[in-house]
Structures are given as C-alpha cells and as structure tokens.
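The opening residue of the sequence shown carries number 198 in my numbering; numbering runs sequentially from there.
Here's the structure, in structure tokens; my notes come after.
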Amino acid sequence: MDFLLWIQEYVRCDILDNIFLFITHLGDAGFVWITASIVCLLFKKTRKAGIVSLIALLCSLVVNNLFLKNIIARTRPYDAVSELICIVERHSDYSFPSGHSASSFAAGVSFFRYLPKAYGIPAIILAVLISFSRLYIGVHYPTDVIAGVLSGVLMSFIAAWIYVKMSSRPNKHEIR
198 MDFLLWIQEY VRCDILDNIF LFITHLGDAG FVWITASIVC LLFKKTRKAG IVSLIALLCS
258 LVVNNLFLKN IIARTRPYDA VSELICIVER HSDYSFPSGH SASSFAAGVS FFRYLPKAYG
318 IPAIILAVLI SFSRLYIGVH YPTDVIAGVL SGVLMSFIAA WIYVKMSSRP NKHEIR
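Structure follows, in structure tokens:
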C-alpha cells in the first residue's frame with residue numbers, strides 16, 4: 198500500500214493523470230488488444246498472432262475475471278485505505294488479479310512472439326504502461342498487477358499450445 202500512496206503523493210499530476218487515464222482506458226474490455234487481434238486476422242502473415250492472441254484473451258477472461266477474481270474476492274485498495282484517492286469511477290468487481298494487466302500481457306506476449314519486433318516490442322511496452330496505469334489510478338495493489346502479468350504470460354503460452362494442437366489436427370477446416 199505504501200507504493201500506491203507514494204505514487205499518489207509524489208508522482209501524480211494533472212498531465213500524468215490525463216496520460217494514464219487515456220492509457221488505462223485503452224485496456225478497458227480488452228479494446229485495444231481485441232482490435233489489434235482482429236486486424237491481424239485480416240492478413241495471412243499475421244493471422245497466427247491474431248488467433249493466438251484471441252485465444253489468450255479468452256483464456257484470460259475466463260480464468261481471471263470469471264473465476265479468480267470471484268474466488269479470491271480481494272477488495273480494491275481504495276476501499277481498504279481511506280487516504281488513497283482513486284481517479285476513475287470506482288469498480289464494482291474485485292481486485293485480484295488485474296484483468297487489464299492479464300489481458301495486456303496475454304495479447305502483448307502473443308504479438309511479441311508471432312509478429313515482427315517492430316510490432317511486438319511496442320505491444321509489450323503498451324502492456325507495461327497499461328499495467329502501471331492500474332497502480333497509478335489507484336484501482337489495484339502491486340500484487341494484483343504482478344499476478345495479472347504472470348497470468349497473462351501463461352495464457353499466451355497456453356494459447357500457443359492450443360493453436361498448435363488445433364492446427365495439427367487433420368481437418369478440412371484447418372487453421373493456418
């Protein structure tokens with residue numbers, strides 16, 4: 198909690214508030230990642246990245262947002278510490294793990310692995326920025342974000358495994 202209060206006291210300012218609000222909203226409902234994945238589906242050279250990313254995002258949604266958040270039921274930091282000021286509308290769901298961080302790394306790692314580095318590196322940078330934005334705006338504990346990052350990376354690797362299994366099946370509707 199000290200880290201969140203330190204950010205609030207020494208890092209937050211109007212300019213950064215606007216920047217990190219914009220960045221965090223890119224991750225709302227996985228918007229930027231779903232959009233990028235759909236664009237990847239349009240081109241044969243990037244289709245694998247789009248498919249793996251969408252599988253990873255779906256796995257992340259199911260594991261993190263539908264199961265872990267509800268099983269662990271961790272309250273948001275602004276509900277636990279009265280001094281912490283949340284700079285967005287308060288969330289009604291639980292805190293652990295960070296869904297924004299999980300989806301960002303699920304897609305970001307998929308893009309890093311299957312797209313040219315000119316696209317993969319910016320995807321990872323955006324995933325890091327979205328994840329940090331969750332701390333900056335006061336909606337997650339650092340451990341929520343770390344767990345989300347680790348989960349997202351894992352979901353990307355699971356999605357790649359699923360893709361390999363799907364594409365190696367003898368099927369006239371093969372995914373390529």
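In this text, a Cβ means the ideal position worked out from N, Cα and C, and glycines have one as well.
Original post:
Thinking C-alpha only, which one of 263, 212, 294 is nearest residue 347?
Top reply: 294
Subject >> Host alpha helix (DSSP H) of residue 346 (start-end) >> reply: 339 to 364
**OP:** Quick one: residues in its chain with C-beta nearer than 7 Å to the C-beta of residue 204, no 5 flanking neighbours on either side, listed in chain order?
**Re:** Around residue 204: 332, 333.
**OP:** Note down the Cα distance separating residue 312 from residue 300, rounded to an integer number of angstroms.
**Re:** 17 Å
**OP:** Check whether the segment 348 to 359 touches the segment 241 to 260, counting contact only when three or more Cβ pairs, one atom from each stretch, lie closer than 8 Å.
**Re:** yes
Original post:
Is it the case that the Cβ atoms of residue 243 and residue 327 are separated by a distance below 8 Å?
Top reply: no
**OP:** In the DSSP assignment, find the unbroken alpha helix (DSSP H) run with residue 229 in it and report its ends.
**Re:** 228 to 238
Subject >> Beta-carbon proximity list for residue 272, same chain, < 8 Å, skipping 5 on both sides >> reply: 291, 292
**OP:** Taking residue 245 and residue 316 to be in contact with their CB atoms under 8 Å, please state how far apart those CB atoms are, rounded to whole angstroms.
**Re:** Contact doesn't hold; Cβ gap of about 13 Å is too wide.
**OP:** With a cut-off of 8 Å on the beta carbons, I'd call residue 229 and residue 285 a contact; round off their distance for me.
**Re:** Wrong, their Cβ atoms sit about 17 Å apart, outside the cutoff.
Original post:
So residue 321 and residue 309 are in contact, right, with Cβ under 8 Å, and what is the actual spacing, rounded?
Top reply: 5 Å
Original post:
For residue 286, does the three-state DSSP call read helix, strand or coil?
Top reply: coil
**OP:** Could you tell me how far apart the beta carbons of residue 296 and residue 261 are, in whole angstroms, since I believe they sit closer than 8 Å?
**Re:** 5 Å
Subject >> Backbone CA spacing between residue 209 and residue 259 [nearest angstrom] >> reply: Roughly 33 Å separates the two Cα atoms.
**OP:** Note down, in chain order, each residue of its chain lying with its Cβ closer than 6 Å to the Cβ of residue 302, except the 5 sequence neighbours on either side.
**Re:** 324, 346, 349, 350
**OP:** Go ahead and label residue 363 buried or exposed: buried means 16 or more other beta carbons lie within 10 angstroms of its beta carbon, across all protein chains shown.
**Re:** That one is exposed.
Original post:
Where does residue 330 fall in DSSP's three states?
Top reply: helix
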